[in-house]
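Trainee:
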Amino acid sequence: MLTLHTLRNDRDSLIKAFKSRNLDVTETVDRILAIDQDRRQTQKALDDLKQSQNVASREIGELFKSGQREVAEEKKAAMGDIKERIHTLEQAMRTLEEQQLEGLLELPNRPHPSVPVGTSDKDNVVLSEEGTLPEMGEGALPHWELCERYGLIDFELGTKITGAGFPVYRGKGARLQRALIAFFLDRAVEAGYEEFIPPLLVNSASGQGTGQLPDKEGQMYHCAEDDLYLIPTAEVPLTNIHRDVVHKSDDLPIKLCGYTPCFRREAGSYGKDVRGLNRLHQFDKVEIVQIEHPDRSYATLDAMVEHVRDLLRALELPFRTLRLCGGDLSFASSLTFDLEVWSAAQGRWLEVSSISNFETFQANRLSCRYRGADGKNQLVHTLNGSALALPRIVAALLENNQTSDGITVPEALRPYTGFSIIN
RNA sequence: GGAGAGAUGGCAGAGUGGUCGAAUGCGGCGGUCUUGAAAACCGUUGUACCGCGAGGUACCGGGGGUUCGAAUCCCUCUCUCUCCGCCA
0 MLTLHTLRND
10 RDSLIKAFKS
20 RNLDVTETVD
30 RILAIDQDRR
40 QTQKALDDLK
50 QSQNVASREI
60 GELFKSGQRE
70 VAEEKKAAMG
80 DIKERIHTLE
90 QAMRTLEEQQ
100 LEGLLELPNR
110 PHPSVPVGTS
120 DKDNVVLSEE
130 GTLPEMGEGA
140 LPHWELCERY
150 GLIDFELGTK
160 ITGAGFPVYR
170 GKGARLQRAL
180 IAFFLDRAVE
190 AGYEEFIPPL
200 LVNSASGQGT
210 GQLPDKEGQM
220 YHCAEDDLYL
230 IPTAEVPLTN
240 IHRDVVHKSD
250 DLPIKLCGYT
260 PCFRREAGSY
270 GKDVRGLNRL
280 HQFDKVEIVQ
290 IEHPDRSYAT
300 LDAMVEHVRD
310 LLRALELPFR
320 TLRLCGGDLS
330 FASSLTFDLE
340 VWSAAQGRWL
350 EVSSISNFET
360 FQANRLSCRY
370 RGADGKNQLV
380 HTLNGSALAL
390 PRIVAALLEN
400 NQTSDGITVP
410 EALRPYTGFS
420 IIN
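Numbering follows numbering that gives the first Met the number 0, with no gaps: position 284 of the first sequence is 283.
#1: I253 to A190, Cα distance in whole Å?
#2: To the nearest angstrom, how far is the alpha carbon of T158 from that of V393?
#3: For the stretch 162-171 against the stretch 371-386, do three or more pairs of beta-carbon atoms, one drawn from each stretch, fall closer than 8 angstroms, so that the two count as touching?
#4: Judging by CA-CA distance, which residue of E305, Y369, S296 and L397 is the nearest neighbour of A344?
#5: Output the boundary residues of the beta strand (DSSP E) element that contains V125.
#6: Nearest-angstrom Cα distance between S65 and E72?
#7: Can you name, in chain order, every residue of its own chain whose Cβ lies under 6 angstroms from the Cβ of E358, other than the five neighbours on each side?
#8: Give every residue of the same chain whose Cβ lies closer than 7 angstroms to the Cβ of L126, excluding the five residues on either side of it in the sequence, and list them in chain order.
#9: Could you give the DSSP three-state label for K18: helix, strand or coil?
#10: Which residue comes first and which comes last in the beta strand (DSSP E) that contains S342?
#11: If you run the structure through DSSP and keep just helix, strand and coil, what is L200?
#12: When you compare only the Cα positions, how much space is there between N202 and Q99?
#13: Could you check whether A187 and R109 sit closer than 8 angstroms to each other, using their CB atoms as the reference points?
#14: So what's D9 in DSSP terms, helix, strand or just coil?
#15: Tell me, please, whether the stretch 223-237 touches the stretch 286-294 by the rule of three or more beta-carbon pairs shorter than 8 angstroms.
#16: Excluding the five sequence neighbours on either side, which residues of its own chain have a C-beta within less than 7 angstroms of the C-beta of E291, listed in chain order?
#17: For the beta strand (DSSP E) that contains P260, what are its first and last residues?
#18: In chain order, what residues of the same chain have a beta carbon less than 6 angstroms from the beta carbon of G497, not counting five sequence neighbours either side?
#19: Suppose the cutoff is 6 angstroms on Cβ atoms and the five residues either side in sequence are ignored; what does the same chain contact list for Y415 look like?
#20: Which partner residues does H221 have in the DSSP bridge list?
#21: Please report the residue range of the alpha helix (DSSP H) in which H292 lies.
#22: Classify I468 as buried or exposed, calling it buried when 16 or more other Cβ atoms lie within 10 Å of its own Cβ.
#23: For A266 and N277, I'd like the C-alpha separation in whole angstroms.
#24: Sorted by chain position, which residues of the same chain lie with C-beta nearer than 8 angstroms to N21's C-beta, five sequence neighbours on each side aside?
#25: Specify the secondary structure class of S56 as computed by DSSP and reduced to three states.
#26: Please report the straight-line C-alpha distance between E315 and E26, rounded to a whole angstrom.
#27: Quick one: what does DSSP say S353 is sitting in, helix, strand or coil?
#28: In the DSSP assignment, find the unbroken alpha helix (DSSP H) run with Q377 in it and report its ends.
#29: On the DSSP bridge list, what partners appear for T320?
#30: Kindly indicate which residue of R308, S385 and Y149 has the alpha-carbon position closest to the one of E420.
#31: Check E193 in the structure and name its three-state DSSP category.
#32: Using 10 angstroms around the beta-carbon of L132, count the other beta-carbons present and answer buried if the total reaches 16, otherwise exposed.
#33: Could you pull the start and end residues of the alpha helix (DSSP H) that T416 belongs to?
#34: In the DSSP assignment, the alpha helix (DSSP H) including R364 goes from what residue to what residue?
#35: Taking the straight line between their C-alpha atoms, what separation do you get for V167 and G275?
#36: Under a three-way DSSP split, which group does H280 fall into?
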């Protein structure tokens, strides 16, 4: 969430910045600031009352010690009123603090100045396109039919065991999955990211830390009995490793990566978008995360985008890079680049990676800081990106590389798959 | 699942109703000594909020209560550890 400090000092520019998200936050911001005003006055009054209580208590203690019982008893009797007023003000403080936090939590992150104005993914800006789109022959099949033909992924079996959106990978399909995970992890480790295997269930504090809660409550699977959430992305456990931590300035950046399955309820999805591997309730993803010094975070964001683009180049997939517009920007992000691969048989671009700089938005919720040169603790910047999400990569690989002899495996992946063709 | 013990500053660990925001040790930082370092010695070292400032307030796992006054007493929740049971 944004800091109160930001709201107080940057009210006007903040309101202006939110225009690229198509949001008018004037009312919300002013409401929070009004509460803040009230809260500060209340605290001052409360502190003064408590001071007089502390002073009086000390005096009473002294009086008892020196044997002046009667004077002490008199003073004691006079304390009732103060006590009551303190109690009332404490109640008021609690309410004000709650209201203020609620207000701050409902405010999304401030978009970076380079974020284009827009309302939906149609307004995202294509920055570049790389690779040549393959020409598909007459009989080119979409990936779900290829999966069936070669026995790679059984969607119906998953439906029987669990429900729609929980595919069963088998044979070379399963092996391809494992190969991609290993390939992505190896590349991340080579690039200096430390590998983690985090928990797949997280508590609500973690969900709030990275911004899934309360914003996306309904998008996560929730185990009510234990009040735990299935992770929608490794971002949640990986970033929360750094919750309530103060880092040395020299230790930044901290680079983490991890493979996890991801679970998403995807409430409200429908139609052709969800066919085959396009949208699933459970899918695999390798995630990269960085905890970075604010001065360097945008250079780091570029480097992370380049890392993921290299993965796509290695897989020989045509892809394009997008700068997300304000309307498509996620709640917690300041600036996001999306990477999309070309799905030849479907004839459409599929999002396979989202790389974002959250600036201090998550750090504030997480209370993740570094000690600056002046000895003061400052909020870090957090960044993350998919590197990469598997299903749509698999979809594109299968569709783009289909030949009459079978599906060819890109060179870079063969050491991992152990086979060069799926037939 | 059953029984017990515990939660205090970066860490370890005292403190059981009144200058306790908290002893002591370690660690960190600064200094003395040294060509330099180590050792030794001296000093220093939590966070947040309010206030122009002097200063004030809060925080000893969370919440509530008793009391003029709570790290300390009571209730409650959460978590951790040990033992037993179950189990990959």
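All C-beta atoms in this analysis are idealised placements derived from N, C-alpha and C, irrespective of residue type, glycine included.
From a predicted model like this one, the values you see are computed outputs, not experimental measurements.
Mentor: Checking against the coordinates, here is how it stands:
#1: 12 angstroms
#2: 20 angstroms
#3: no
#4: L397
#5: V124 to E129
#6: 13 angstroms
#7: S333 and H380
#8: T320, L321 and R322
#9: helix
#10: L334 to S342
#11: strand
#12: 23 angstroms
#13: no
#14: coil
#15: yes
#16: L251, P252, T299, V379, H380 and L382
#17: I253 to F262
#18: For residue 497 there is no data in the structure shown, the boundaries of the chain being 0 and 422.
#19: A178, A181 and F182
#20: Y228
#21: Premise fails: H292 is in no alpha helix (DSSP H) and is neither H nor E.
#22: Residue numbering for the chain in the displayed model covers 0 to 422; residue 468 lies beyond these limits and cannot be assessed.
#23: 15 angstroms
#24: V116, G117, T118, G325 and G326
#25: helix
#26: 49 angstroms
#27: strand
#28: Looking at the DSSP string, Q377 is not in any alpha helix (DSSP H); the run it does join, the beta strand (DSSP E), is N376 to L378.
#29: S127 and L338
#30: Going by the sequence as given, residue 420 is Ile instead of Glu. Of R308, S385 and Y149, the residue nearest in Cα terms is Y149.
#31: strand
#32: exposed
#33: R413 to T416
#34: F360 to L365
#35: 12 angstroms
#36: coil
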